[in-house]
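Peer 1:
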Amino acid sequence: MFQYQTHTLRPLTTAHLAQTMTLLSLTVDELRQQIDAELSANPALELVDERRCPMCHRVLPKGGNCPVCSTPQNDQSLEPIVYISPRDEFYATGDTYQDDYPEDQFSSQVENLAEYVLRQVIPELESEDHKLAAFICSHFDDDGLLTITPLEVMRYFHVPLDRVNAVHNVIRRADPIGVGSCSTQDALLIQLDVLSETGMVPVLARKIVEAGITSMSRQHYSDLARQMGVTVAKIAEAMRFISDNLNPFPARTHWGDSQQVNPNRGEVYHRPDIIISYLNNDPEKALVVEIIIPIGGYLRVNPLYRQAIKQTEGETQEGLRSDLDRAGLFVKCLQQRNHTIRRMMQKLVMIQRSFIQYGEKSLIPFTRAQMSQDLEVHESTVSRAVTNKTVQLPNGRIVPLSMFFDRSLNVRTVLREIIAREARPLSDSELVEMLSREGYRVARRTVAKYRAMEGILPAHLRHPEPGYNH
DNA sequence: CTATGGCACGGATT
DNA sequence: AATCCGTGCCATAG
Numbered sequence: 001m002f003q004y005q006t007h008t009l010r011p012l013t014t015a016h017l018a019q020t021m022t023l024l025s026l027t028v029d030e031l032r033q034q035i036d037a038e039l040s041a042n043p044a045l046e047l048v049d050e051r052r053c054p055m056c057h058r059v060l061p062k063g064g065n066c067p068v069c070s071t072p073q074n075d076q077s078l079e080p081i082v083y084i085s086p087r088d089e090f091y092a093t094g095d096t097y098q099d100d101y102p103e104d105q106f107s108s109q110v111e112n113l114a115e116y117v118l119r120q121v122i123p124e125l126e127s128e129d130h131k132l133a134a135f136i137c138s139h140f141d142d143d144g145l146l147t148i149t150p151l152e153v154m155r156y157f158h159v160p161l162d163r164v165n166a167v168h169n170v171i172r173r174a175d176p177i178g179v180g181s182c183s184t185q186d187a188l189l190i191q192l193d194v195l196s197e198t199g200m201v202p203v204l205a206r207k208i209v210e211a212g213i214t215s216m217s218r219q220h221y222s223d224l225a226r227q228m229g230v231t232v233a234k235i236a237e238a239m240r241f242i243s244d245n246l247n248p249f250p251a252r253t254h255w256g257d258s259q260q261v262n263p264n265r266g267e268v269y270h271r272p273d274i275i276i277s278y279l280n281n282d283p284e285k286a287l288v289v290e291i292i293i294p295i296g297g298y299l300r301v302n303p304l305y306r307q308a309i310k311q312t313e314g315e316t317q318e319g320l321r322s323d324l325d326r327a328g329l330f331v332k333c334l335q336q337r338n339h340t341i342r343r344m345m346q347k348l349v350m351i352q353r354s355f356i357q358y359g360e361k362s363l364i365p366f367t368r369a370q371m372s373q374d375l376e377v378h379e380s381t382v383s384r385a386v387t388n389k390t391v392q393l394p395n396g397r398i399v400p401l402s403m404f405f406d407r408s409l410n411v412r413t414v415l416r417e418i419i420a421r422e423a424r425p426l427s428d429s430e431l432v433e434m435l436s437r438e439g440y441r442v443a444r445r446t447v448a449k450y451r452a453m454e455g456i457l458p459a460h461l462r463h464p465e466p467g468y469n470h
C-alpha cells in the first residue's frame, strides 16, 4: 500500500517524481482508492462537485450536456480529441453500478464479481455461514480464482474444515461456474461436474483435465495420447470439447457478454481506464478519447484553508501548511499523470487509427521505446502508463492498453485468416510462403509459435472434412 | 523424408 | 537487470 511520509513539509522534487510515477501506473479503480484515501486524510484537499465540458470547459448543468458543445460542430478534421473525463459511475457494459453492500467491505477490483456471487449463494446458506461466504468471495483474484486456501479460512474463523468446504463448494457452483476454485484445474473439474449433470461429457475430457494440466495447455497432444492409450485424433476431439465448453478462468467469460465469440486471449473485463469512440459515432469522423478519472467533479486545494493559514501562527500553522503542501502536491501529481496519459493517447491514437477502425489486422507494430522517444520522456514512464490499463474500443471491446504495443498481433491475425479460409490444411512452411506473399516475413519456427498462441492445431490435426469454410 | 515441437541463444524490450 | 521474442538447430513422430 502506498503511504505518505507523514511530515514532509515541502514538496521535494523527488517526492513529486515518486508520487507521479505511482499515480501513473494506477488503474481507475486503484486511483479511486488513492483519491478517497487522500480526501479523507487531508482536509486541505477538496472535491468540487461540478463538471466542466471537456471541450470548452464551461460548467455543465447537473446531469446535462454542454449547451454549446453537445452537438459538435461539423468538424471535418480527423485530429483526435483527447480529454480527461471525470466520472464516477460504472459504465463498462452500459449498465449502472449498484451497490447494495457497503463499499469498503470488499477490495476494489473484483468487488462486483464478489457481490454478484455472494448474492447468489447467500440464500442457500445458513446464516452463520454467511461470513464464511463473504470472506471467500472477497478473496477472488481478477480471474475469479481464489487467492487463499480453505485451510486458511478454517484457521481464520476457527471452524471445521468440512464446513468451509461445504460453503466453498456452493460458491464454486454459482454462476460463473468454477468461480472461487483454488486452481485452474479445480475450476475445470467443477465445470465438468456441473456439465455432466445436464448433458454428456466425454470421459476422455475429464481424464485429460485430471492428468495433465501442464501438457494440456501446451498442447502436447502426442504425449497425452500415449499416456491415455488413445489416438491423437481422439485427444484433439476431447480438447475441442474442453476449449468449447470449459473456461479455466471463470471470471473472464462472465463479464464479456458483449463478445462471447472471442475465445482467443486478449479480452479483459474490467471497467476501462480509457474509452475511445468516434465523434457522433461516425467512423468517418475524428476519434474521441476519454481518459477516465474516477471522480465526479474535480480536485483542488481548498481556498478557505489557504486563507485560514494566514490567520494562524506557530505550531498550528506548521500543521496546516503541511496539509496544504500535500494537497497541492497531490493535485499537481494528478495533473501530471493525466497530462502524460493524454499526450501518449494523442500520439497512440493517431498512429493506430487503422487498428481502432479496422481491427487487429491493421495494428502497426510500435514499441514503448519509440513512444518514449516521440514523447521525450523516459521509457519507464511509458511503461508505467501502459501496464495494467485497459481501453474500450469503439466496437465495445475492452482490451489491455498493452495490445497497442503488440509486435506480432497483426501477423497473427493474418495467419488466423489464412488458416480460416484454407482449402486443405497447410503446413507451417507453406504458411510462411502465404504470409510472405502478403508482405509478412517470418521464420517457419515462428509460425509454429503463433499458431500455438492462437490455439490453432498443427496441420495434420486440423479437420480436412467439411467443417466450416468460407 | 517432412512436419513439428523443445531447448536455448542473442538481441530487443521493459 | 530481468524478461520477452524470434529464430536456428536438433530430436522425434508419422
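Here the first sequence stands for residues 1 to 470, where the numbers follow the numbering used here. A virtual CB, placed ideally from N, CA and C, is assigned to each residue, including glycine.
#1: Helix, strand or coil, according to DSSP, for F157 in the structure here?
#2: Just the C-alpha distance for T14 and A327, rounded to the nearest angstrom, thanks.
#3: Mind reading off the beta-carbon distance from V209 to L192? Whole number of angstroms is fine, and I expect it under 8 Å.
#4: Tell me the rounded alpha-carbon separation between M187 and V203.
#5: For I84, name the three-state secondary structure that DSSP assigns.
#6: In three-state DSSP terms, what is P250?
#7: Note down, one range per segment and in chain order, each alpha helix (DSSP H) of at least 4 residues found wholly within the segment 158-182.
#8: Could you give the uninterrupted runs of the beta strand (DSSP E) lying entirely in the segment 265-319, keeping only those of 3 residues or more?
#9: So is S107 buried or exposed if we call it buried at 16+ other beta carbons inside 10 Å?
#10: Is it buried or exposed, R172, if we count other Cβ atoms within 10 angstroms and call 16 or more buried?
#11: Which residue marks the beginning of the beta strand (DSSP E) containing L47, and which one marks its end?
#12: Can you say whether G319 is buried or exposed, counting buried as having 16 or more other CB atoms within 10 angstroms of its CB?
#13: Which of the three DSSP states is assigned to Q392 in this structure?
#14: Using the rule of at least 16 other Cβ atoms within 10 Å of the residue's Cβ for burial, across every protein chain shown, is E492 buried or exposed?
#15: Using a 10 Å radius around the Cβ and a threshold of 16 neighbouring Cβ atoms, would you call P160 buried or exposed?
#16: Where DSSP assigns a beta bridge to V59, which residues make up the other side?
#17: Measure the CB-CB distance between C137 and L118 and report whether it falls below 9 Å.
#18: Over what stretch of residues does the alpha helix (DSSP H) that includes I356 continue unbroken?
#19: Can you list, in chain order, the residues of its chain with a C-beta nearer than 6 Å to that of D141? Leave out the 5 residues immediately preceding and following it.
#20: Rounded to a whole number of angstroms, what is the C-alpha to C-alpha distance between E417 and R397?
#21: Determine the direct distance from the alpha carbon of F366 to that of Y440, and round the result to whole angstroms.
#22: Between the alpha carbons of S383 and A166, how many angstroms are there, rounded?
#23: Go ahead and pull the three-state DSSP assignment for T14.
#24: Could you check if D143 is buried or exposed, using at least 16 other CB atoms within 10 Å of its CB as the buried criterion?
#25: From what residue to what residue does the beta strand (DSSP E) around V399 run?
#26: Considering only the alpha carbon of each residue, which of I190, Y156, L415 and D162 lies closest to L145?
#27: To the nearest angstrom, report how far apart D104 and V442 are at their CA atoms.
#28: Within a Cβ cutoff of 6 Å, which residues of the same chain sit near R32, ignoring the five residues on either side of it in sequence?
#29: Would you tell me roughly how many angstroms separate the C-alpha atoms of V28 and H339, rounded to the nearest one?
#30: I need the DSSP call for F140, collapsed to helix, strand or coil.
#31: Going by C-alpha to C-alpha distance, which of N42, V232 and P250 sits closest to N302?
#32: Sorry if obvious, but does the Cβ on P248 come closer than 8 Å to a heavy atom of the ligand SAM?
#33: Suppose you measure from the CA of I456 to the CA of Q336; what does that come to, to the nearest Å?
#34: Quick check on the DSSP output: the alpha helix (DSSP H) that includes S77 runs from which residue to which?
#35: Out of R300, Y305, I276 and L299, which one is the CA nearest neighbour of I291?
#36: Identify whether L435 lies in helix, strand or coil by the three-state DSSP scheme.
Peer 2: Result, derived from the coordinates:
#1: helix
#2: C-alpha separation (whole angstroms): 16 Å.
#3: Contact between V209 and L192 holds: their C-beta atoms lie close to 7 Å from each other, under 8 Å.
#4: Here residue 187 is Ala; the residue named in the question, Met, does not match the sequence. Going by the C-alpha atoms only, they are around 17 Å apart.
#5: strand
#6: helix
#7: 161-172
#8: 274-278, 287-293 and 298-301
#9: Confidence is the limiting factor: at S107 the pLDDT is only 36, short of 50, which leaves the residue's position unreliable and the question unanswerable from this model.
#10: buried
#11: L45 to V48
#12: exposed
#13: Residue state, collapsed to three classes: strand.
#14: Nothing about residue 492 can be read from this structure; the chain reaches only from 1 to 470.
#15: With fewer than 16 other Cβ atoms within 10 Å, it is exposed.
#16: DSSP output for V59 lists R52 as bridge partner(s).
#17: yes
#18: R353 to Y358
#19: T147
#20: 20 Å
#21: 16 Å
#22: C-alpha separation (whole angstroms): 44 Å.
#23: helix
#24: buried
#25: I398 to P400
#26: I190
#27: For D104, the predicted structure reports a pLDDT of 35, less than 50, and the residue's modelled location is therefore unreliable. A value from the coordinates is still provided. Those two C-alpha atoms are separated by around 51 Å.
#28: Result list for R32: P294, in chain order.
#29: 15 Å
#30: strand
#31: N42
#32: Among the ligands in the structure shown, none appear at all, so the ligand SAM cannot be discussed.
#33: Taking the straight line joining both Cα atoms gives about 44 Å.
#34: Careful: S77 lies outside any alpha helix (DSSP H) and carries neither H nor E.
#35: I276
#36: helix
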